[in-house]
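Working notes, beginning with the structure itself.
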Amino acid sequence: MSTNLQVGIVGLPNVGKSTLFNAITKAGAEAANYPFCTIEPNVGIVELPDARLDVLTEMFQPERRIPAVMRFVDIAGLVAGASKGEGLGNQFLAHIRETDAIAQVVRCFENENVTHVEGSIDPLRDIEIIMTELGLADLDAVAKRRQRIEKVAKSGNKEAKAELDVLLKVEACLSEGKPARLVELTPEEEALIRELNLLTRKPVLYVANIGEDEISDPLANPHVVRVKELAESEGAQWVTISAAIEAEIAELSPEEAKVFLEDLGEEEAGLDRLIKAAYSLLGLINFFTAGSDECRAWTIVEGTKAPQAAGKIHTDIERGFIRAEIVSYDDLIAAGSMTKAREEGVLRLEGKDYIMRDGDVTYFRFNV
1 MSTNLQVGIV GLPNVGKSTL FNAITKAGAE AANYPFCTIE PNVGIVELPD
51 ARLDVLTEMF QPERRIPAVM RFVDIAGLVA GASKGEGLGN QFLAHIRETD
101 AIAQVVRCFE NENVTHVEGS IDPLRDIEII MTELGLADLD AVAKRRQRIE
151 KVAKSGNKEA KAELDVLLKV EACLSEGKPA RLVELTPEEE ALIRELNLLT
201 RKPVLYVANI GEDEISDPLA NPHVVRVKEL AESEGAQWVT ISAAIEAEIA
251 ELSPEEAKVF LEDLGEEEAG LDRLIKAAYS LLGLINFFTA GSDECRAWTI
301 VEGTKAPQAA GKIHTDIERG FIRAEIVSYD DLIAAGSMTK AREEGVLRLE
351 GKDYIMRDGD VTYFRFNV
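For the sequence shown, full-length UniProt numbering begins at 1 and goes up steadily by one.
Spelled out as structure tokens, the structure:
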């Protein structure tokens with residue numbers, strides 16, 4: 001998984017996808033009521049909301065505060081037939097392969113002024129259209145690879161035979177119209193097909209776009225209930241959002257946005273929920289480095305060991321890793337300062353096998 005995590009925002013035309021993306025980045029991508037108005041993918045970099053970084057910044061008073069970020073890519077709307085090159089199919093599929101996860105925006109709001117490309121509101125049909133196109137593209141990629149590898153496997157090549165076994169498992173699943181992520185693979189098997197970058201193996205977040213008057217009780221909307229049930233049956237994540245409201249919030253100052261949300265009876269913006277859901281979907285955690293020069297949040301995958309976490313900062317630190325000085329965020333805040341944390345014995349030394357935890361405040365010792 002890349003350092004610059006990318007979540008591809010996909011959906012059929014006119015479901016509110018570009019409106020949502022505009023709110024995420026305030027990038028002003030053309031969001032006219034016209035299919036394919038976003039032909040080139042727009043990339044927006046968003047800050048991951050984490051109040052702990054603000055508290056550390058207050059404690060250390062650094063010159064710079066650097067949050068963790070995530071990249072959202074607005075990918076041109078696709079239609080049925082994209083896997084065969086319909087609409088902007090080929091460009092769509094190329095752009096989405098580069099992402100780490102897929103956020104699929106589905107329309108759950110009624111608005112006669114915004115036409116739906118399929119003529120009616122039916123989020124499960126929309127999800128099926130997109131997943132079918134992604135599945136067909138994957139099936140094509142797997143079949144082509146299988147045909148190439150079969151010849152090598154027949155010659156007795158063990159690696160080719162192992163890869164062929166995995167390809168046949170995945171191909172069987174895709175042939176039944178199911179996503180490739182339902183195939184259980186060992187890490188070794190996963191590595192054999194990683195370069196195919198299969199679309200239906202990417203984790204999915206369903207984003208139910210609801211009307212402005214529905215945010216206080218989204219589950220009163222039967223379309224949302226259907227999306228929720230589907231997500232839960234697949235073990236996927238889901239979140240509700242009103243793209244129209246988020247677009248309004250994006251135009252406000254932080255103070256005005258806070259008042260606006262309070263008036264709506266909401267504790268946090270839908271975008272913050274979306275970003276946190278994407279974070280959870282990718283199995284990510286944050287660790288921090290803190291000092292007088294900067295306080296910074298670093299994103300790693302859960303289960304990362306200390307030297308690899310150090311490598312996020314600089315490859316030299318990973319290469320010359322000696323040990324890590326670590327205090328948990330909660331222990332540091334309870335102590336009141338790094339000096340006190342050291343005096344109280346909650347600052348500890350960890351070696352190369354230490355698995356990083358969310359909220360670790362870290363100083364890496366290294367020698368190159």
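Even glycine gets a Cβ: it sits at the ideal position worked out from N, Cα and C.
Quick caveat, the model's predicted, so the values are computed rather than measured.
Nearest to residue i (by Cα), restricted to the options the options
| i | options | result |
| --- | --- | --- |
| Ile-102 | Ile-127, Cys-108, Glu-118, Phe-109 | Ile-127 |
| Arg-52 | Asn-367, Arg-365, Gly-359, Tyr-363 | Gly-359 |
| Pro-13 | Thr-57, Gly-119, Met-70, Ala-23 | Gly-119 |
| Leu-20 | Ile-249, Cys-295, Ile-333 | Ile-249 |
| Gly-291 | Ile-285, Ile-66, Thr-25 | Ile-66 |
| Glu-58 | Asp-316, Val-43, Arg-296, Phe-366 | Arg-296 |
| Arg-357 | Glu-47, Gly-303, Leu-5 | Gly-303 |
| Leu-124 | Val-227, Gly-177, Ser-175 | Val-227 |
For residue i: DSSP bridge partner residues
| i | result |
| --- | --- |
| Glu-104 | Sequence inspection shows Gln at residue 104; the Glu mentioned does not correspond to that position. Gln-104 pairs with Val-10, Tyr-206. |
| Gly-303 | Beta-bridge pairing links Gly-303 to no other residue. |
| Arg-296 | Ile-66, Thr-289 |
| Phe-60 | Note: Phe-60 sits in no beta bridge, so no partner. |
| Phe-366 | Phe-321 |
| Arg-348 | Ile-326 |
| Ile-355 | Lys-305 |
| Asp-272 | Note: Asp-272 sits in no beta bridge, so no partner. |
| Leu-124 | Leu-124 is not bridged to any residue. |
| Leu-284 | Val-301 |
Beta-carbon contacts of residue i that lie in its chain and below 7 Å, excluding the five residues immediately before and after
| i | result |
| --- | --- |
| Val-346 | Val-327, Asp-331, Ala-335 |
| Gly-16 | Val-105, Arg-107, Asn-209, Ala-243 |
| Ala-277 | Leu-205, Gln-237, Val-239 |
| Glu-189 | Val-166 |
| Arg-145 | Leu-167, Leu-196 |
Sequence-distant residues of its chain with Cβ nearer than 8 Å to residue i (five each side left out)
| i | result |
| --- | --- |
| Leu-264 | Ile-215, Ser-216, Ile-245 |
| Arg-348 | Glu-325, Ile-326, Val-327 |
| Met-1 | Annotation note: pLDDT 45 at Met-1 (below 50); position unreliable, no value reported. |
| residue 373 | Given a span of 1 to 368 for the chain in the structure shown, any question on residue 373 remains unanswerable. |
| Lys-258 | none |
| Pro-62 | Ala-290, Gly-291, Ser-292, Asp-293, Glu-294, Cys-295 |
Presumed contact (8 Å Cβ cut-off) between residue i and residue j, rounded CB distance
| i | j | result |
| --- | --- | --- |
| Leu-192 | Val-166 | 5 Å |
| residue 381 | Gly-11 | Look at the range of the chain in this structure, 1 to 368, and you will see that residue 381 is not part of it. |
Close Cβ partners of residue i (< 6 Å) along its chain, the five nearest in sequence each way excluded
| i | result |
| --- | --- |
| Val-142 | Leu-167, Val-170, Glu-171 |
| Thr-25 | Gly-44 |
Contact between the stretch 118 to 137 and the stretch 152 to 163 (3+ Cβ pairs under 8 Å):
Verdict: no, contact absent.
Taking three-plus beta-carbon pairs below 8 Å as touching, is the stretch 321 to 331 in contact with the stretch 266 to 276?
In short, these stretches do not touch, since the Cβ pair count stays below three.
Given 8 Å, three or more beta-carbon pairs between the stretch 192 to 209 and the stretch 236 to 250:
A contact exists between the stretch 192 to 209 and the stretch 236 to 250.
Are at least three pairs of beta-carbons, each pair with one atom in the stretch 183 to 195 and one in the stretch 210 to 227, less than 8 Å apart?
Remark: fewer than three beta-carbon pairs, one from each stretch, lie closer than 8 Å, so the stretch 183 to 195 and the stretch 210 to 227 are not flagged as touching.
Stretch pair the stretch 219 to 230 + the stretch 187 to 199: three plus CB contacts closer than 8 Å
Result no; under three Cβ-Cβ pairs closer than 8 Å.
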